[in-house]
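Down below is the structure, laid out as structure tokens.
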Amino acid sequence: MDEYFYLDAEGKQQGPVPTSDFLRLGVTQSTLLWKNGMAGWQAAGMIPELSGYFQPTPPPPPR
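Throughout the sequence shown, residue numbering follows the numbering used here, covering -1 to 61 in sequence.
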């Protein structure tokens, strides 16, 4: 499992953390992430391998 560093709401570097902790840590599509091998920081929503983590939640079914 890949681990990423991220910039928190105050712009401070945190991590590395596994992708399974993203929700708990408040990582969103616009959170800047970096991992070894990446050229620079990128918005989480722009990283192809993370596209499944940020799918919109469907609304509840109609009653």
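Beta carbons: idealized from backbone N, C-alpha and C, even for Gly. Here the structure is a predicted model, which is why all the values come from computation and not from measurement.
Next item on the list: Check whether the Cβ atoms of Ala37 and Phe52 sit closer than 9 Å, and answer yes or no.
Entry: For this step, residue 37 is matched to residue 39 along the sequence shown. For this step, residue 52 is matched to residue 54 along the sequence shown. Going by C-beta atoms, Ala37 is not nearer than 9 Å to Phe52.
Notebook entry, point to check: Which of the three DSSP states, helix, strand or coil, is assigned to Pro16?
Noted result: In the sequence shown, counting from the first residue as 1, residue 16 sits at position 18. It is a strand residue.
Notebook entry, point to check: Who does Glu1 pair with in a DSSP beta bridge?
Noted result: Position 3 of the sequence shown, counting from 1, holds the residue named residue 1. Beta-bridge pairing links Glu1 to Pro16.
Next item on the list: Report the rounded CA-to-CA distance for Gln62 versus Pro54, giving the unit in angstroms.
Entry: The structure shown does not extend to residue 62, since the chain spans only -1 to 61, so no value can be given for it.
Next item on the list: Using only alpha-carbon positions, find the residue among Pro60, Pro57, Ala7 that is nearest to Ser28.
Entry: Taking the first residue of the sequence shown as position 1, residue 28 is located at position 30. The shortest C-alpha separation from Ser28 is found at Ala7.
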